[in-house]
Amino acid sequence: MTGVQTCALPILFVIEQWVELLQNNLAGHTICFGNASRVTYGVDDNNKVIGAVVYNFDTNIREAWICIAGVAETHRGQGLYSQLIQEVEKEARNNNMKFIASNIHIDNEPMIASAKKQNRELMHYRSKKQL
């Protein structure tokens with residue numbers, strides 16, 4: 001990875017990651033990010049996006065909310081996600097946020113493990129019943 005950047009949304013990579021989560025039944029069908037969202041992402045030596053964390057700041061509760069995060073399959077398990085989250089946390093602190101939070105699908109074991117590694121407390125189960 002050549003660098004971690006925080007700027008405009010690298011939309012194609014993020015959508016591809018969201019589609020992968022959908023195909024694996026690890027995401028809902030609602031996109032929770034938009035024009036006001038922020039993104040921190042990493043690129044390879046060819047300036048291709050290889051990982052991204054999209055997030056919003058809720059200034060009312062001083063919380064950084066992770067909307068979606070992903071790392072290219074070829075770069076998983078190499079610590080890129082941890083680097084990206086460290087940058088998001090730094091940006092959140094610089095904007096007076098007190099918390100960082102996200103939803104994680106109950107079957108997304110790699111993300112659950114990563115959240116625990118980052119000392120993020122797992123707090124809720126969400127229930128749903130088809131009517």
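With the first letter of the sequence shown counted as 1, position 4 gets the number 4 in the working numbering; the numbers rise by one all the way through. Note that CB positions come from ideal geometry on N, CA and C, so glycine has one too. All of these numbers come straight from a predicted model, not from anything done at the bench.
Boundaries of the beta strand (DSSP E) around Ala52: Val49 to Asp58.
Under the DSSP assignment, Glu87 falls in the alpha helix (DSSP H) whose first and last residues are Leu80 to Asn94. Of the residues Leu22, Tyr41, Leu26 and Leu122, the one whose Cα lies closest to the Cα of His75 is Tyr41. Val53 is positioned such that its CB atom lies closer than 9 Å to that of Ile66. Taking each of Val14, Glu16 and Leu21 in turn and checking the Cα distance to Asp107, the smallest one comes out for Leu21. Look at Ala115 here: in three-state DSSP terms it is helix. By the CB criterion at 9 Å, Asn25 and His124 fall outside the cutoff. Taking the Cβ atoms as the reference, Gly70 lies roughly 7 Å from Gly51, within the contact range of under 8 Å. Within the stretch 6 to 41, the complete alpha helix (DSSP H) segments of 4 residues or longer fall at 11 to 23, listed in chain order.
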